[in-house]
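Protein chains: 8
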Amino acid sequence: MTAEQLEALLADVAAGRIAPVAALEKLRHLPFEDLAFARIDHHRELRQGQPEVVFCEGKTPEQVVAICERLEAASGSFLGTRANEGLAARLKSRFPGMVWNQLARTVHLPAAESRKPVSTERILVVSAGTSDLPVAEEAAVVAEAYGHTVERLVDVGVAGLHRLLAAGDQLRRARVVIVVAGMEGALPSVVGGIVAVPVIAVPTSVGYGASFGGLAALLGMLNSCAAGVTVVNIDNGFGAAAAASRICRA
Amino acid sequence: MTAEQLEALLADVAAGRIAPVAALEKLRHLPFEDLAFARIDHHRELRQGQPEVVFCEGKTPEQVVAICERLEAASGSFLGTRANEGLAARLKSRFPGMVWNQLARTVHLPAAESRKPVSTERILVVSAGTSDLPVAEEAAVVAEAYGHTVERLVDVGVAGLHRLLAAGDQLRRARVVIVVAGMEGALPSVVGGIVAVPVIAVPTSVGYGASFGGLAALLGMLNSCAAGVTVVNIDNGFGAAAAASRICRA
Amino acid sequence: MTAEQLEALLADVAAGRIAPVAALEKLRHLPFEDLAFARIDHHRELRQGQPEVVFCEGKTPEQVVAICERLEAASGSFLGTRANEGLAARLKSRFPGMVWNQLARTVHLPAAESRKPVSTERILVVSAGTSDLPVAEEAAVVAEAYGHTVERLVDVGVAGLHRLLAAGDQLRRARVVIVVAGMEGALPSVVGGIVAVPVIAVPTSVGYGASFGGLAALLGMLNSCAAGVTVVNIDNGFGAAAAASRICRA
Amino acid sequence: MTAEQLEALLADVAAGRIAPVAALEKLRHLPFEDLAFARIDHHRELRQGQPEVVFCEGKTPEQVVAICERLEAASGSFLGTRANEGLAARLKSRFPGMVWNQLARTVHLPAAESRKPVSTERILVVSAGTSDLPVAEEAAVVAEAYGHTVERLVDVGVAGLHRLLAAGDQLRRARVVIVVAGMEGALPSVVGGIVAVPVIAVPTSVGYGASFGGLAALLGMLNSCAAGVTVVNIDNGFGAAAAASRICRA
Amino acid sequence: MTAEQLEALLADVAAGRIAPVAALEKLRHLPFEDLAFARIDHHRELRQGQPEVVFCEGKTPEQVVAICERLEAASGSFLGTRANEGLAARLKSRFPGMVWNQLARTVHLPAAESRKPVSTERILVVSAGTSDLPVAEEAAVVAEAYGHTVERLVDVGVAGLHRLLAAGDQLRRARVVIVVAGMEGALPSVVGGIVAVPVIAVPTSVGYGASFGGLAALLGMLNSCAAGVTVVNIDNGFGAAAAASRICRA
Amino acid sequence: MTAEQLEALLADVAAGRIAPVAALEKLRHLPFEDLAFARIDHHRELRQGQPEVVFCEGKTPEQVVAICERLEAASGSFLGTRANEGLAARLKSRFPGMVWNQLARTVHLPAAESRKPVSTERILVVSAGTSDLPVAEEAAVVAEAYGHTVERLVDVGVAGLHRLLAAGDQLRRARVVIVVAGMEGALPSVVGGIVAVPVIAVPTSVGYGASFGGLAALLGMLNSCAAGVTVVNIDNGFGAAAAASRICRA
Amino acid sequence: MTAEQLEALLADVAAGRIAPVAALEKLRHLPFEDLAFARIDHHRELRQGQPEVVFCEGKTPEQVVAICERLEAASGSFLGTRANEGLAARLKSRFPGMVWNQLARTVHLPAAESRKPVSTERILVVSAGTSDLPVAEEAAVVAEAYGHTVERLVDVGVAGLHRLLAAGDQLRRARVVIVVAGMEGALPSVVGGIVAVPVIAVPTSVGYGASFGGLAALLGMLNSCAAGVTVVNIDNGFGAAAAASRICRA
Amino acid sequence: MTAEQLEALLADVAAGRIAPVAALEKLRHLPFEDLAFARIDHHRELRQGQPEVVFCEGKTPEQVVAICERLEAASGSFLGTRANEGLAARLKSRFPGMVWNQLARTVHLPAAESRKPVSTERILVVSAGTSDLPVAEEAAVVAEAYGHTVERLVDVGVAGLHRLLAAGDQLRRARVVIVVAGMEGALPSVVGGIVAVPVIAVPTSVGYGASFGGLAALLGMLNSCAAGVTVVNIDNGFGAAAAASRICRA
C-alpha cells in the first residue's frame, strides 16, 4: 500500500464509503513497509534502473531461471552473482542478451535502454594478488551494473608496495576505495593510511593452512590500525559494491 | 496506539473531525506495533501480572534503580536477574518489599495483590551438580515469578543415573522439563530419552579446561541424540524459564 | 518387560512357582526401561502411529533398507531424513507406497490406514530465504508425518520485514513457531518479539565466508534478545519438528 | 618534508646552492610520505581542526600525558578514547579545559577557537540496548569532535521493532547510520533493510555465554542479509566514527 | 536397595507377607542402580577406604564443609581438590586431622586406621616443567589417597631429553605413567615411545599466547604419534589419578 | 645395538681388542635406543606376534605395499588401518592370505602359525550408533590382531539406556571398556559411572552442524563427569585399541 | 627509477634542463621503491639467479603459463609450487627443459648456464613421517633452486627418537635446520633442544580428527619449549626454504 | 657425563679396573645427553657467558629466587623474563647487582667480568606501536644479554609507512630483523618485502575485540605474503631474541 493508497482509504472512510472498523481490519493486515515507509518506495524510484541481485549459489537452476524471469518481467533487467558455467549457459539460452563474466561469475541482463550514470563519482577496486581477482571483479561488475563508474587497480600486494604507491592518481580520483585481499589481509591498512576517502575491505578465502578459509584476512582487516576501515564478509565482492553504492548515490 | 485508539482515529476521520491528510501523517509516524499488532497488546493483557525482567549485569546501579522504579510505577512489580549483593542491598533500601534470592541472583518485587497461577501445569527444573544450582535456581525463580508452578530435582548427574531414574513421579508430572548441566552436558540427552514432554537444555559454564566456559556443554546439548531437545544460551536460566512459560501459558 | 509381566513374575514368586533367588536374577538382567518406565510404554501407545525416524546420511543403502524393513514390519510405516536420490530410488523399488520429498530429502511410508491428527494445534514453519527451504521442508514433513497440522511461511527475511508482518493471521494461529534461517540468523529474534507462543530456532548452513557453516546463525540465535527462543542444531529441521511435536502433543 | 620544502630543495639544486649528489642523499633518507604524498598533507589542511585520537588503554598515564602534551602543543587540541576515571583526573589537572565523558570514556580538549562544522550532513548513531551505550557514545563523541553533526537513537533492539520504525524522521535525515548492537547483532540487518544510506555496524561485547565476547554479534553483522552493511571491530565505536567521517567529509 | 534387600522383598512376596501389587509399586519407584547394579555396591565394598573426592572450586565454603561433614560421618575420611588457602584454613579448624597440600591444592582427611595398599603396582607421575607441578602433585596426592604407591619424576621437558632418559629405572618400575605437560605437550609422545605400559597424558594450562589456556597441549596430546596414549581434560590431575587407579586396582 | 652387543664392545675394550677412543666414537654415533633401552627390545620379545600397524591414509599405494612387504619379510605379518577398497584389492593380489575388513577398513596378514593369546582379559568395545561402527570395528580388529579377546556391544546410545543396562554381564566381564560415540559423546560418562575398570572414550566424527567434525563429542568426553575416563583422538579406533592393549598386556 | 636515473634527473634540474616544478611532478608520481630503495635493486643483483616462485594453486593453467613465459623471458628460469600433474604436463609441452618433481609438486626450469652455489652452508630438511614428505621435499627443492646445498633426514618422529639421535653428523653439519612435522608437531622442540643453529618449524596438515588440518601441529610448534624455534604457515615448505635462504645467503 | 668422563670410564675398562658388566650398568643409567651429545657440552662452552633464562610468570617468588641462586652460583649471572615489580624488588634485595628493566619486565644479573660481544652483527628490533614496546624491549634486552648488538626502531606502524621507509640505514645494517606488532600484524609483511635478511615476526596481544588476544596478528604473520617471514608465539619477545641469536652466533 502506497501513501496514495492509504490517503485514498482514509478519504473513503471520511466519505462514509467504508466503515471505520472495516478500514481498521484492512490496515491491520497490510504490509508495514507499504504503509509507514512510503519513503522507501520513493527512493526506489530514485534508484531506478538498479537491478535486483540474485545469489545463485545454493539455488537450483530452475529456481534461478524463475527468479530471473520475474525480475526481467518487472524491470527488463537482472543481475546474478556466483553463477557457474552451466547456469550461465542455461540462462543465456533463455535470455540471449545476458552477459556472463566468467572471472566475476556474474550474469547480467542490462536494461534495454541505456541510462545515465547514477553518479559521477568513481569507485576504485584495488586487489592484492591474481587469485583475488574473481572477488574484485565481482565487486566491479556489480558496481557498474548499479550505474557507477569503476576503476581497477590490480596486483598491488603489500610485499611490493611501490606498485600501490605509483597509483597515486587513481587513489586521488576515487570517492570510495574497495580493497580486496587474502592471506594476511594487510592491504586495507596501507591504503587506509594513504587516502582520506572511505575504504571498504574485502577479505578473500585465498590462502592455505592458517588462513583458515579467509579468517586470517578477515581478522586482520577488522583489527586494521588505519582508522575508519570497514569490512564485509569473506569473498563478498557484491556486498562491498553495495556498500560503495550506498556511499556514492546518496 | 492501541486498536481502540486506532478505531477512534478512524471514527474521527469518518466524522470529519480530522482530515484524511492529517490522519495519514499521524499514522505514518506512529509506532508500528501499536497499529498492526494490537493483538500483541491484547495478549499482554492476558499475560498480565508477569513482571518485566531486567538483566542487571553490565548496567550501573543507577540505571537498574531507575528502570525498576519505572516498572514498579507501571505494574507494582519488577524482576531482575544477575543481581549481586551490592545492587540487591541498594534496591532493598529503595523497595523494602523486594526479595533477593542470593543463590539465583534475582531481585523480585512481587505484586501487592496475589494473583492466581497462570497455569496448573508444572515446570520441572533438573540440575546435574551443585555448581549448576545458581543457573537452575534462576530458571525456577523466574518461572515462579511468571506465575507457574515449579518443581526442582537436583544433583542427578549422568555418572549416577539411579538418582534421576528414582524421580519418575516428578518427571511424569511435568508439562515441560528444564535441564541444567555443565561439563559434558549429557543430562538432557538422558532426560529426553525418558520423557515425552518438551525438554529445554541449559548449558552452564561449570567446568574447567576444555569446557571452554560452557562451550562443551553447549555443543553436547545441540548434538543431543534425543530427538526434540532444544537449547538456550550458556548460563541462561532466565531464557529457559521464558521458553517454558511460552509452552505452558498458551 | 511390561508392568503386566512384572506383576506376573511377582505373582509367580508369591505362588511359589518361582524361587525368590531366580526372580532376583531375572530382574537383575532385565532392561531397566521395561521395568521402571512402564509409563513410557503407555505413552508409546498414545503416540501410536508416529513413525520411527531414520537418519540416512552416513549409513549404507543396505543398512537403511534393512532398518526400514524392520520398521515396516513392526508398524506398517517408516520415515527417513537426509535421503538422496539414489537411496530414494532404491527404497521406492522395495516399498512402492513410499513417498520421496526431494526438497526435504525425506522418505516416508505412511501407515496404510489413515489416522486422526494427534492434535488440532498448528505448527508454523517460517523460513528466511529460498536456500533455507530444504531444512524448513524437512521440519514440515516430519511434523506432518508425526500427525500434526503444519503451515508454511516462506521468504520472510529480516531485510524485508513487511512480508513477515503481513502474515499476522498465520502467526496468530500457531501453537508453536519453527523459524529457519541462515546467514546472521536474526529472524527468530524478530518473530520472538511478535508472538507469545514457543519459538524454535533452526540455524542453517546457508551462507559463506564468516558464516562458518552455520556457526554465525547458531550463535546469533543462542544470543537472541527475544526471551524464550530455543535453538536446535544447525540444519536440524527434524529436531525442530520433534521439539514442536513434544509441545503440541502433551 | 612538504611539497613546498621539496620544491625549495629542487630550486636549491637548480640554483646550484646544493649539489645533485647531496640532494639525492637527502631525498633518499626523507620520510616517503612527505615526498610522494604531498596530497596527504594537502588534505590534512582540509581536515584541519580534527584532533589526533589517542587509544589510552594499554598505555601508562605518563605516556598518555606526554602524547597529549605534544598534540596540544601542535594543534591546541586532543581526543582520547578508553580513558578510565584515574587517567581522566590526571589529565584534567594538567589540562583544565579538558572534558571527560564518563559514559563514552573519552577525554577531549577542544580547540580554543570554535570552528565551523566539517559538513552539514548528519551521522545517526543507533544503539540496541542500554549496555551498548558506552560504545555508541564513543562513536558519537568522536564524530562530534571530528566536527560532524550527530544524532542519537537509543534502545531500539529487534525484539521491539516498533521503536525503531517510529523513528523514521531520524533515519530519513541521516547521511550515514552507525548501528551499535551486542548479543545476536541483528539490528544492522533491519536498519539496512530500511535505509538507503551507508550503514556501519559495530558489534559490542555485550552478552554472555555463547556471545563469546562479541563474536556472535560480529559474525551476525558480517553475514547480514541486508546488502551493503559494513562492519568494524568489536566495541570499536571510534572506528565507526572515523569511517562515517570519511563518508561525510569527502 | 541392595541385592540383599531385594531378595528380602521377594522373600516377603513368596511368604505372602507382601502382595505382588504392593511389591510392584515399591520396585517401580526404587533407585535403579540399587536394583540392577547390586554389583556396583559390591565392588564399592572392594573399593572400601577410597575417599569420595570433592571438587571445591565453584562451591561455597559452606557447601564444601557440609559435604565433607557428610563424607566424614559416612567413611571417616574425605578428599577435596582445588582448595584455596581460605577454604583449607576453614576446614582445618573443623577437622584438625585434615592435611592441606598447598602445591596440589588438596585437602585430605585420612581414615583413622591405616589400611593396606590397594595394589603393589606403582603409578609414576612425570611432569615437564616447574609450573606443571601443581597439576602433577594433584594427580600424585589423589592416587596416594586412593591407596596407590606413587613415584614422581619432575622437570624432564623434551628440550632436555637426557633427564628423562636417565630415569630408566623409574620408567621400568611403573605399571602406568601419568605425564603432565603444558606448552606444546610433547612429552607424552616421547614417553609413549619409550614405555610399554599405559600412558595417561594431562595437558596443563601452563603457557601463554597461542597456548590458549592449554588448548595447544591438549591438541598435541590427542594427536600423539605414539600409539596408545590417552588424554584427560586440561589441568585434570585428579582425572588422571582416577584413570590410573582404574588400571591398577582391577 | 643390543645390550649384548654393548657388553661385547666393552669386553673388546677390556681385552684390548679395541681402543677406548675408538669405542667412544662408536658409542657416540649409535642409536640411543639400542644402547640405553635394551629393555625395549626385551619387551618387544614379550609383545612378539604383534604386527606393526600402517596408517594407510595419505600414503600412496606403492608406499603401503612397500612397507607391508618389509613388515611381512620381518615378521610374516602386517596390519594396516584406513585402507580403502582399491588399496585392499592391490594388497590382496600381492598377499593372498591378507584379510580385508570392509567395515573397519583394516587390512591384516595374520602370522602363519597360530599364537596363544596375549592375555585372558577381555576388551569390550561399546558403540553408540550404527554410524559409529567403522571406528568401533577398527578398535576391535586392531585389538584382536594384537592378540586380545574382544567383545562387542553395539547400538546402546544414551537416549535408550536400557539396552546398555541390559548388558551387565558383558560390562562385568571386561578388563577395559572402549566406548565409541559421536554426536554429544555422552556414552562414556554413563559407562564410566557403571563400571570400575578403565574406560577409553573414542569420539567419532559422526554428526553434523555443531558437531564440527567430532569436536562436540571430543569436548564432551574430555569434560566427562565420570572420574577416570580417558580420551583418544576423533575416530581413532586404532589408538583406543593400542591403549587397551597397554592396559591388558602388562 | 634507479639511483642513477634520479641523479640524472637532479643533474638536469641543476643544469636548467628541467624546471624544479616539472621535476617535482615527476618525482611525485614515480614508484617509491625505485627512488628510495635503490639498495633493493642492488641486492637483487646479489641474489641473481634466484628464480621467482609461482604459487600455482588457485591460478588457471593459462595464468601460470603466461607468468612462466614472462619469467623465462626475463631470467631464463622459473620455479613453481603446488603444481598438479595436469599443469606440469602443460608446462612441459611448452618448456621441454622443465623438471617436474611429483612428490614436491614443483615445476622448475633451471637457468641454461650452471651457476655457482650461493653459499657453502648446508640446509638440513628433517621430516617426521612418510606423509610429511611432500612438504619437506617442497622445502628442499625450493632451497636447491635458490642455489643452496640441501641435506635430507626422513622418518625421524619423536616416538622413535633414536633415529634422530643417530643422525648427529647431519645435525652438526647444518647451518640451519628445517623441521617438517604433522600430528602433534613435537619434533622441532626435540631438534631445537639438540642443535644450536636456527630451527624453522613447518607444521603439516598430516593427521585427522583433532589435528584440525594442521592446527594442532602449528600450535605445538608455536609453544615449543625449545627457545628460538620459529614457525611458518601450515604446509608451507616454500616459506621455510625462503627463510632458510635468508639466513644462509646474507 | 662428559666425553672426557666417558673416555675415562672406557680406559678403566681397558685397564681392567672396572668389569665390562659394571660399566654396562653405569652406561645404561647415565643421562643420555652426557654420553652421545658431548658436542652439546662443547658448544655450551662456546656459548659461555650466555645466561640461562628463567620464565618467572607462574612460578612462586621462592622458586624464582632458588633458581636464580643456582644459576648465579654456576655462572655468576642470570636472566629472567616476565618479572613483576614485587619479584624484582625481592631479587634486588638478594642480588644487589641485578638490573630490572621495568618496561621489558626483565631481571638481569650480568656477569662480573665484561665479555666481548658474541658477534659484530646487528639485531634490529622494530615495533609497530607504543603498546608493543614491552614485548619489543624484552626481545632487545634478551638479545643484549646474549651478547649481541641491538638496534631499536619504534612506532613505525603500517598506517604511516613513511616512518619505516625513512629508516633505510638501520634496515640496511641489520643481520636479522625482529618485527613486533599487534592488531592486524601487517608490519612483518612490509618489512619482509623491503629487506633480504631474516625477518622474525612477533605477534603481540595488543588490540581488543576481534584481535582475540593476539590471534589476529598471529594469523596475519603466518599468512604473510612476504616469502621467508617466520613467526614465534604471541608476546614471545624472548623467543624471537633466541632465534635471532641462533642466526647471528653460528
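Residue numbers (my numbering), protein chains in the order written: chain A, 1 to 250; chain B, 1001 to 1250; chain C, 2001 to 2250; chain D, 3001 to 3250; chain E, 4001 to 4250; chain F, 5001 to 5250; chain G, 6001 to 6250; chain H, 7001 to 7250.
Built from N, CA and C at the ideal position, the CB exists for glycine as well.
Sub-7 Å separation of residue i and residue j beta-carbons
i                : j                : result
P5198 of chain F : R4249 of chain E : no
A5186 of chain F : S1189 of chain B : yes
I2200 of chain C : T1106 of chain B : no
A240 of chain A  : V202 of chain A  : yes
V64 of chain A   : C56 of chain A   : yes
T5060 of chain F : E5138 of chain F : no
M4221 of chain E : C6225 of chain G : no
V1191 of chain B : V1177 of chain B : yes
V6150 of chain G : I6194 of chain G : no
Local conformation of residue i per DSSP, three classes
i                : result
F6212 of chain G : helix
L6060 of chain G : Looking at the sequence provided, one finds Thr at residue 6060 of chain G rather than Leu. In the structure shown, T6060 of chain G sits in coil (DSSP, three-state: anything other than H, G, I, E or B).
S3127 of chain D : strand
F3078 of chain D : strand
E1045 of chain B : Note on E1045 of chain B: pLDDT 31, under 50, position unreliable in the model; no value is reported.
L6109 of chain G : strand
**Message:** For the region 7193–7220 of chain H, list every residue whose C-beta sits within 9 Å of some C-beta in chain F, in sequence order.
**Reply:** Of all residues in the region 7193–7220 of chain H, none places a beta-carbon less than 9 Å from a beta-carbon of chain F.
**Request:** Inspect the CB distances between the region 5118–5128 of chain F and the region 5151–5159 of chain F and report whether three or more fall short of 8 Å.
**Result:** yes
**Prompt:** Between the region 4088–4100 of chain E and the region 4165–4179 of chain E, do at least 3 Cβ pairs fall closer than 8 Å?
**Reply:** no
**Request:** Report the residue ranges of all alpha helix (DSSP H) runs contained in full by the region 5129–5174 of chain F; include only those spanning at least 4 residues, in chain order.
**Result:** Restricted to the region 5129–5174 of chain F, the alpha helix (DSSP H) segments that are unbroken, complete and at least 4 residues in length are 5133–5145, 5162–5165 and 5168–5173, listed in chain order.
**Request:** Output, in sequence order along the chain, the residues in the region 1084–1109 of chain B whose CB is closer than 7 Å to any CB in chain D.
**Result:** From the region 1084–1109 of chain B, no residue has a Cβ closer than 7 Å to chain D.
**Interface positions of the region 229–242 of chain A facing chain D (Cβ-Cβ less than 9 Å), listed along the chain** = V229, T230, V231, V232, N233, I234, N236, F238, G239, A240, A241 and A242
**Request:** Pull out every residue of the region 6055–6075 of chain G whose Cβ sits closer than 9 Å to any Cβ of chain E, in chain order.
**Result:** Within the region 6055–6075 of chain G, no residue has a Cβ that lies closer than 9 Å to any Cβ of chain E.
**Request:** State whether the region 4170–4178 of chain E contacts the region 4209–4222 of chain E, with contact taken as three or more CB pairs (one from each stretch) at a distance under 8 Å.
**Result:** no
**Prompt:** Given a limit of 8 Å on CB to CB distance, which residues of the region 4120–4152 of chain E reach chain H?
**Reply:** T4130 and S4131
**Prompt:** What are the complete alpha helix (DSSP H) segments, minimum 4 residues, inside the region 1172–1201 of chain B?
**Reply:** 1187–1194
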